[in-house]
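Colleague:
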Amino acid sequence: MSRDMRKNKWLRYSFMAEDDRLTPYLPKTKLFSRRSLRKMIDKYKQVILKPVIGHRGFGVILVSSSGNKRYKVHTEDKKKKIRGFRKTYRYLKKLINSRPYMVQQRIHLAKVGNRPFDIRVMVQRKKKSDSWRVTGKVAKVAGEGYIVTNNKRSKGTLLEVKTAIQKSSLKDLSESAILSEIDRVALLSAKILTLRYPNHRNYGLDVGVDQNGHIWIIEANRLPMTSHFRKLKDQTMYRRIMKYKKG
Numbered sequence: 256m257s258r259d260m261r262k263n264k265w266l267r268y269s270f271m272a273e274d275d276r277l278t279p280y281l282p283k284t285k286l287f288s289r290r291s292l293r294k295m296i297d298k299y300k301q302v303i304l305k306p307v308i309g310h311r312g313f314g315v316i317l318v319s320s321s322g323n324k325r326y327k328v329h330t331e332d333k334k335k336k337i338r339g340f341r342k343t344y345r346y347l348k349k350l351i352n353s354r355p356y357m358v359q360q361r362i363h364l365a366k367v368g369n370r371p372f373d374i375r376v377m378v379q380r381k382k383k384s385d386s387w388r389v390t391g392k393v394a395k396v397a398g399e400g401y402i403v404t405n406n407k408r409s410k411g412t413l414l415e416v417k418t419a420i421q422k423s424s425l426k427d428l429s430e431s432a433i434l435s436e437i438d439r440v441a442l443l444s445a446k447i448l449t450l451r452y453p454n455h456r457n458y459g460l461d462v463g464v465d466q467n468g469h470i471w472i473i474e475a476n477r478l479p480m481t482s483h484f485r486k487l488k489d490q491t492m493y494r495r496i497m498k499y500k501k502g
């Protein structure tokens, strides 16, 4: 399997969406086209455009409908208002050029202050083992004015997940229930992905929690970065992740 195929987010989403156990946790996603953009934005009012093959939040675009055929396009920390769907679509086509893109239902993530966050969850297994384990979780808080949570791209912040929940709009919900559900969904995702990638041992899931405490799998990474965990003061999770990577 080529490196590009291993990094293809659409293939992973399509495979995961075939399993009824995971569909409640997957944001609705389609390949980007004029038709899919119009249908998705009419239904959800806000959608995320992301490259089929991408990393570190590069190329992610938020498109919002303001009503009266007015749209807002948010890239990095910049916003542009456009009147008319045709002009909006043409503008987006110029932005993405010929790269294949997906259009995804925008999840209204829980926030720390006014900044959305998601959670990188590492799920791993050792060589010759069928037993998956959640080896690390860290909250990625977007930088001020950004839509992506990648801390380097958005100048964001890394927090322990418990700290992020306690500081966020989720603080009145059950912390233990949220953490337990994240682990359950992450382990289920790894087990299902094993049917498609039987020899793979490491996944980095980007998991979102919405304002109501519902868990969403934003994407599953087969070649996850471990730098988030290396930046934490407590290196316990990083050491455990590296131990599992070695087998």
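By our numbering, the letter at position 9 of the sequence shown is numbered 264, and the numbering carries on one by one without gaps.
Glycine included, each C-beta is placed from N, C-alpha and C at the ideal position.
Since we're looking at a predicted model, the values are computed, not measured.
1. Counting pairs of Cβ atoms below 8 Å between the segment 435 to 442 and the segment 372 to 385, do you hit three or more?
2. Please state whether DSSP places R442 in a helix, a strand or coil.
3. DSSP three-state call for H329: helix, strand or coil?
4. DSSP puts F372 in a beta bridge; with which residues?
5. Rounded to the nearest angstrom, what separates L428 and D461 at their Cα positions?
6. Confirm, please, whether the CB-CB distance from L347 to V318 is below 9 Å.
7. Measure the beta-carbon distance from P279 to Q360 and round it to whole angstroms, keeping in mind my assumption that it falls under 8 Å.
8. Classify R380: buried if its beta carbon has 16 or more other beta carbons within 10 angstroms, exposed otherwise.
9. Beta-carbon separation of A365 and G463 under 9 Å?
10. Does the count of Cβ pairs from the segment 415 to 422 and the segment 445 to 456 closer than 8 Å reach three?
11. How should P306 be labelled, buried or exposed, when 16 other C-beta atoms within 10 angstroms of its C-beta is the threshold for buried?
12. Determine whether the beta carbon atoms of G468 and I433 lie at a separation below 9 Å.
Modeller: Let me spell this out:
1. yes
2. Within the sequence shown, residue 442 is the residue found at index 187, counting from 1. Arg is not the amino acid found at residue 442; the sequence shown has Leu there. Correct three-state label for L442: helix.
3. As a working note, residue 329 is residue 74 in the sequence shown. Of the three classes helix, strand and coil, the one that applies to H329 here is strand, per DSSP.
4. Translated into the one-based positions of the sequence shown, residue 372 becomes position 117. In DSSP, F372 forms a bridge with V396.
5. As a first step, residue 428 must be located in the sequence shown, where it is residue number 173. As a first step, residue 461 must be located in the sequence shown, where it is residue number 206. Near 21 Å, if we compare the C-alpha coordinates of D461 and L428.
6. Residue numbering aside, residue 318 sits at position 63 when the sequence shown is read from its first letter. Residue numbering aside, residue 347 sits at position 92 when the sequence shown is read from its first letter. Result yes, Cβ atoms of V318 and L347 sit closer than 9 Å.
7. Position 24 of the sequence shown, counted from the start, is the residue given in the question as residue 279. Position 105 of the sequence shown, counted from the start, is the residue given in the question as residue 360. That pair is no contact at about 13 Å.
8. Locating residue 380 in the sequence shown gives position 125, where the first residue counts as 1. With 16 or more Cβ atoms within 10 Å of its Cβ, R380 is classed as buried.
9. Here residue 365 corresponds to residue number 110 of the sequence shown, with the count starting at 1. Here residue 463 corresponds to residue number 208 of the sequence shown, with the count starting at 1. Cβ atoms of A365 and G463: closer than 9 Å.
10. no
11. Position 51 of the sequence shown, counting from 1, holds the residue named residue 306. Buried, by the Cβ-count rule.
12. One-based indexing of the sequence shown puts residue 468 at position 213. One-based indexing of the sequence shown puts residue 433 at position 178. In this structure, I433 lies closer than 9 Å to G468 by Cβ.
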